[in-house]
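Colleague:
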Amino acid sequence: MTDLLLKNVRVVTHDRDEPIPADISVSDGRIDRIAPGLPGEGVPDVIEGAGRLAFPGVVDGHQHWGIYNRLADDAGSESRACAQGGVTTALTYMRTGQYYLNRGGPYADFFPEVLAQAADQAYVDYGFHLAPMSRAHIDELPDLVEKFGVSSFKIFMFYGGHGLHGRSADQNAFLMLPEDERYDYAHFEFVMRGVQAARERFPELADEISLSLHCETAEIMTAYTRLVEEAGDLSGLAAYSASRPPHSEGLAVFIASYLAHETGLGNVNLLHLSSRKALDAAVRMARTFPHIDFRREVTIGHLLADIDTAEGLGAKVNPPIRPREDVEALWEYVLDGTVDWVVSDHACCREELKFGAPADDVFLAKAGFGGAEYLLPGLITEGRRRGLPYGRIAALTSWNPARRYGLRDKGALAPGFDADICLVDPGTTWTVRAADSESAQEYTPFEGFELTAKVTDTFVRGHHVLDAGKIVGPPLGRYLRRPQS
1 MTDLLLKNVR VVTHDRDEPI PADISVSDGR IDRIAPGLPG EGVPDVIEGA GRLAFPGVVD
61 GHQHWGIYNR LADDAGSESR ACAQGGVTTA LTYMRTGQYY LNRGGPYADF FPEVLAQAAD
121 QAYVDYGFHL APMSRAHIDE LPDLVEKFGV SSFKIFMFYG GHGLHGRSAD QNAFLMLPED
181 ERYDYAHFEF VMRGVQAARE RFPELADEIS LSLHCETAEI MTAYTRLVEE AGDLSGLAAY
241 SASRPPHSEG LAVFIASYLA HETGLGNVNL LHLSSRKALD AAVRMARTFP HIDFRREVTI
301 GHLLADIDTA EGLGAKVNPP IRPREDVEAL WEYVLDGTVD WVVSDHACCR EELKFGAPAD
361 DVFLAKAGFG GAEYLLPGLI TEGRRRGLPY GRIAALTSWN PARRYGLRDK GALAPGFDAD
421 ICLVDPGTTW TVRAADSESA QEYTPFEGFE LTAKVTDTFV RGHHVLDAGK IVGPPLGRYL
481 RRPQS
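Here it is, written out as structure tokens:
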């Protein structure tokens with residue numbers, strides 16, 4: 001029996017450039033039919049789409065719930081912000097060490113606590129990527145795949161010698177590592193060997209088990225931070241970008257790629273590439289090592305804002321917001337198909353935590369900001385202006401990350417898939433105001449930006465969670481074991 005019927009929408013799919021007019025029928029949380037003129041008699045919930053675009057719910061493959069706030073709090077407030085932006089699945093990074101749960105130890109003890117804190121709080125479905133920080137964590141990889149349904153892992157390449165927000169002289173304490181261990185290139189190699197061993201142990205899951213890397217080089221950043229501070233001629237976002245120069249990203253991409261080749265690791269995701277040099281390095285490495293399945297990610301923040309247009313030091317993030325020439329370069333790579341998906345890198349950081357003393361010192365500010373609510377509207381706004389087809393937008397925000405991360409029931413508007421749907425009005429102009437967001441973050445780097453597409457309604461497995469721009473209903477988000485069976 002049909003539970004929900006969306007009438008007169010324009011259906012956007014990843015395999016077709018432009019939308020088609022149709023109705024969408026939903027039963028038991030899944031799409032069962034897409035066709036024009038579906039009958040509404042006897043259907044308990046019929047919603048008139050009035051020609052709005054129906055996108056597959058966004059699969060935001062890069063968020064950070066719990067990094068600066070209690071995980072339970074973020075799972076609630078930040079998932080509501082997700083729904084505002086049409087995000088129906090949030091994959092969030094998690095690790096041991098300072099921030100997050102602020103504890104170390106084995107994932108066998110740590111991760112159940114993560115799941116317990118997030119349970120019954122989220123308005124959208126969610127999953128976790130985990131970072132093997134210690135040698136013992138590498139040994140746990142098979143259990144994380146088999147028992148907990150975690151299929152994606154992460155390396156923070158700069159953590160071994162550089163802090164989350166700037167220089168650091170005591171990374172072992174920050175990462176809560178045993179005194180005789182180091183988070184360095186050798187550790188990264190052994191993580192890669194461990195992930196590849198997991199792929200070989202579970203061959204039926206191998207295509208959906210991957211390793212992601214934050215590619216910046218600690219030694220370069222430490223040296224350039226000193227140079228920028230000593231010169232004193234730059235401030236704000238320009239200073240921070242110069243202190244973490246693009247060639248630091250490019251070099252890290254080269255190192256990561258060669259280590260993947262050396263270890264036989266077949267699936268590598270290069271995260272939040274922010275500059276022409278980073279993307280150029282990624283393209284070169286894909287040509288050099290064609291046997292590695294590289295995927296390339298960029299963020300909506302790096303596509304929309306630059307060091308001059310972002311609103312204040314709230315835009316501090318790693319890698320940094322860049323000058324306009326790098327923004328234009330990222331768009332070149334989006335338009336030519338090099339970029340595989342676009343994410344928010346959402347990390348709610350409230351004002352009381354974000355800014356140091358003095359508040360105008362970018363090196364004392366925390367890194368990261370929220371933005372999931374602007375991911376799809378921002379990509380449609382700027383992408384359509386540049387000729388990006390609607391179908392390509394659906395691929396970048398839903399289909400591609402869902403396939404990579406083992407979300408077999410998500411990422412498409414097609415019979416049999418979860419009824420994760422967002423309705424978008426592409427004919428309205430609105431101004432971004434942090435005060436209008438459900439996020440607990442009081443500011444946004446996008447303050448005052450004008451967008452020309454707005455998410456009006458969001459459905460998670462057929463549940464209406466955003467109705468005419470307002471959050472409705474209880475939190476029904478589920479933890480997603482991956483790959484989905």
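Mapping the sequence shown onto full-length UniProt numbering, position 395 (from 1) lands on 395, and the numbers just tick up by one.
A virtual CB, placed ideally from N, CA and C, is assigned to each residue, including glycine.
What you are looking at is a predicted structure, and each value in this text was computed from that prediction instead of being measured.
Check the DSSP bridge columns for T89 and list the partner residues they point to.
Modeller: Numbered from its first residue, the sequence shown carries residue 89 at position 89. DSSP lists V59 and D125 as partners of T89.
Colleague: Quick check on V362: does DSSP put it in helix, strand or coil?
Modeller: Along the sequence shown, read from residue 1 onward, the residue named residue 362 stands at position 362. Correct three-state label for V362: helix.
Colleague: Report the residue from R201, F158, A136 and M157 whose alpha carbon sits nearest the alpha carbon of D180.
Modeller: Position 180 of the sequence shown holds residue 180. If we check each option's Cα against that of D180, A136 comes out closest.
Colleague: Look at T428 and K470 and say whether their C-beta atoms are less than 7 Å apart.
Modeller: Numbered from 1 along the sequence shown, position 428 holds the residue referred to as residue 428. Numbered from 1 along the sequence shown, position 470 holds the residue referred to as residue 470. In this structure, K470 does not lie closer than 7 Å to T428 by Cβ.
Colleague: Taking the Cβ atom as the reference point for each residue, do A122 and P474 lie within a distance shorter than 7 Å?
Modeller: In the sequence shown, counting from the first residue as 1, residue 122 sits at position 122. In the sequence shown, counting from the first residue as 1, residue 474 sits at position 474. Cβ atoms of A122 and P474: not closer than 7 Å.
Colleague: Report the rounded CA-to-CA distance for A239 versus V362, giving the unit in angstroms.
Modeller: Walking along the sequence shown from the start, residue 239 turns up at place 239. Walking along the sequence shown from the start, residue 362 turns up at place 362. Each residue's Cα considered, the two are about 8 Å apart.
Colleague: Between which two residues does the alpha helix (DSSP H) carrying T458 extend?
Modeller: The residue given as residue 458 occupies position 458 in the sequence shown. No alpha helix (DSSP H) contains T458, which is instead part of the beta strand (DSSP E) from K454 to V460.
Colleague: Touching or not, the segment 64–78 and the segment 26–45, by the rule of three or more beta carbon pairs under 8 Å?
Modeller: Contact fails: fewer than three Cβ-Cβ distances are below 8 Å.
Colleague: Give the DSSP-derived three-state secondary structure of T263 in the structure shown.
Modeller: Your numbering for residue 263 matches position 263 in the sequence shown. Helix at T263.
Colleague: With distances taken Cα to Cα, identify the nearest neighbour of D418 among V46, R408, A305 and L376.
Modeller: Along the sequence shown, one-based indexing puts residue 418 at 418. Nearest option by C-alpha distance: R408.
Colleague: With respect to the alpha helix (DSSP H) encompassing E325, which residues constitute its N-terminal and C-terminal limits?
Modeller: Working through the sequence shown from its first residue, we reach residue 325 at position 325. First-last of the alpha helix (DSSP H) with E325: R324 to L335.
Colleague: Take A412 as the anchor and find which of K7, R33, P56 and R384 has the nearest alpha-carbon.
Modeller: The residue labelled residue 412 in the question sits at position 412 within the sequence shown. Residue P56 is the option with its Cα nearest to A412.
Colleague: Please report the straight-line C-alpha distance between R392 and L4, rounded to a whole angstrom.
Modeller: Along the sequence shown, read from residue 1 onward, the residue named residue 392 stands at position 392. Along the sequence shown, read from residue 1 onward, the residue named residue 4 stands at position 4. Spanning the two alpha carbons is a distance of roughly 27 Å.
Colleague: Return the bridge partner residues of K154 from the DSSP annotation.
Modeller: Counting from one through the sequence shown, the residue named residue 154 turns up at place 154. S212.
Colleague: Just to confirm the assignment, what range does the alpha helix (DSSP H) spanning T299 have?
Modeller: Along the sequence shown, read from residue 1 onward, the residue named residue 299 stands at position 299. Counting along the chain, T299 falls outside any alpha helix (DSSP H), though it belongs to the beta strand (DSSP E) covering D293 to T299.
Colleague: Going straight from the alpha carbon of R52 to that of I421, what length do you get?
Modeller: Position 52 of the sequence shown holds residue 52. Position 421 of the sequence shown holds residue 421. Rounded to the nearest angstrom, the two C-alpha atoms are 12 Å apart.
Colleague: Considering only residues of the same chain and omitting the five flanking positions on each side of E189, which have a CB-CB separation below 8 Å?
Modeller: In the sequence shown, residue 189 corresponds to position 189, counting from 1. Excluding sequence neighbours, E189 sits near L259, E262 and T263.
Colleague: My understanding is that V334 touches V298, with C-beta atoms under 8 Å, so please give their C-beta distance in whole angstroms.
Modeller: Mapped onto the sequence shown, residue 334 falls at position 334. Mapped onto the sequence shown, residue 298 falls at position 298. Correct: roughly 7 Å between the Cβ atoms.
Colleague: Nearest CA to the CA of R433: which residue from L423, F449, P426 and D425?
Modeller: Within the sequence shown, numbered from 1, the residue matching residue 433 stands at position 433. Looking at the Cα atoms, F449 is the closest of the given residues.
Colleague: Rounding to the nearest angstrom, what Cα-Cα distance links H463 and L227 in this structure?
Modeller: Here residue 463 refers to the residue found at position 463 of the sequence shown. Here residue 227 refers to the residue found at position 227 of the sequence shown. One C-alpha to the other measures close to 53 Å.
Colleague: Using the Cβ count rule (16 or more neighbours within 10 Å means buried), how would you classify D233?
Modeller: If you number the sequence shown from 1, residue 233 lands on position 233. It counts as exposed.
Colleague: Just the C-alpha distance for Y374 and Q196, rounded to the nearest angstrom, thanks.
Modeller: Numbered from 1 along the sequence shown, position 374 holds the residue referred to as residue 374. Numbered from 1 along the sequence shown, position 196 holds the residue referred to as residue 196. Rounded to the nearest angstrom, the two C-alpha atoms are 35 Å apart.
Colleague: The alpha helix (DSSP H) that contains A223, what's its start and end?
Modeller: By one-based count along the sequence shown, residue 223 stands at place 223. A223 -> alpha helix (DSSP H) spans A218 to A231.
Colleague: How long is the line joining the alpha carbons of D345 and A90, rounded to whole angstroms?
Modeller: Position 345 of the sequence shown, counted from the first residue, corresponds to residue 345. Position 90 of the sequence shown, counted from the first residue, corresponds to residue 90. One C-alpha to the other measures close to 10 Å.
Colleague: Determine the burial state of T431: buried for a count of at least 16 other Cβ atoms within 10 Å of its Cβ, exposed for fewer.
Modeller: To locate residue 431, count along the sequence shown from 1; it is residue 431. When all chains shown are included, T431 counts as exposed.
Colleague: For the segment 107–115 against the segment 34–52, do three or more pairs of beta-carbon atoms, one drawn from each stretch, fall closer than 8 Å, so that the two count as touching?
Modeller: No, because fewer than three Cβ pairs between the segment 107–115 and the segment 34–52 fall closer than 8 Å, the two stretches do not touch.
Colleague: Evaluate N102 with the Cβ neighbour count: other Cβ atoms within 10 Å of its Cβ, from every protein chain shown; 16 or more gives buried, anything less gives exposed.
Modeller: The residue you call residue 102 lines up with position 102 of the sequence shown. With fewer than 16 other Cβ atoms within 10 Å, it is exposed.
Colleague: Using the Cα positions of V11 and A394, report the straight-line distance between them to the nearest angstrom.
Modeller: Residue mapping note: residue 11 aligns to position 11 of the sequence shown, counting from 1. Residue mapping note: residue 394 aligns to position 394 of the sequence shown, counting from 1. Taking the straight line from one Cα to the other gives about 10 Å.
Colleague: Cα separation between K7 and A81?
Modeller: Within the sequence shown, the letter at position 7 stands for residue 7. Within the sequence shown, the letter at position 81 stands for residue 81. In a straight line, the C-alpha of K7 is about 26 Å away from that of A81.
Colleague: Got a sec, what are the start and stop residues for the beta strand (DSSP E) A35 sits in?
Modeller: Within the sequence shown, numbered from 1, the residue matching residue 35 stands at position 35. Run containing A35: R30 to A35, per the beta strand (DSSP E) assignment.
Colleague: Please tell me whether D32 and P415 are closer than 7 Å, where the distance is taken between their beta carbons.
Modeller: Along the sequence shown, one-based indexing puts residue 32 at 32. Along the sequence shown, one-based indexing puts residue 415 at 415. The answer is yes: Cβ separation under 7 Å.
Colleague: Are three or more beta carbon pairs between the segment 311–318 and the segment 352–370 nearer than 8 Å?
Modeller: Touching, per the Cβ criterion.
Colleague: Tell me the rounded alpha-carbon separation between P377 and V268.
Modeller: Locating residue 377 in the sequence shown gives position 377, where the first residue counts as 1. Locating residue 268 in the sequence shown gives position 268, where the first residue counts as 1. Answer to the nearest angstrom: the Cα atoms are 28 Å apart.
Colleague: Roughly how many whole angstroms lie between the Cα atoms of T13 and W341?
Modeller: For the purposes of this step, residue 13 is taken as residue 13 along the sequence shown, with counting starting at 1. For the purposes of this step, residue 341 is taken as residue 341 along the sequence shown, with counting starting at 1. The alpha-carbon atoms of T13 and W341 are separated by roughly 15 Å.
Colleague: Tell me, to the nearest whole angstrom, how far the beta carbon of K154 is from that of Y107; I am working on the premise that it is less than 8 Å.
Modeller: For the purposes of this step, residue 154 is taken as residue 154 along the sequence shown, with counting starting at 1. For the purposes of this step, residue 107 is taken as residue 107 along the sequence shown, with counting starting at 1. The pair is not a contact, with the Cβ atoms about 13 Å apart (cut-off 8 Å).
Colleague: Taking the straight line between their C-alpha atoms, what separation do you get for F148 and H129?
Modeller: Taking the sequence shown and counting its residues from 1, one reaches residue 148 at position 148. Taking the sequence shown and counting its residues from 1, one reaches residue 129 at position 129. So the two alpha carbons sit approximately 11 Å from each other.
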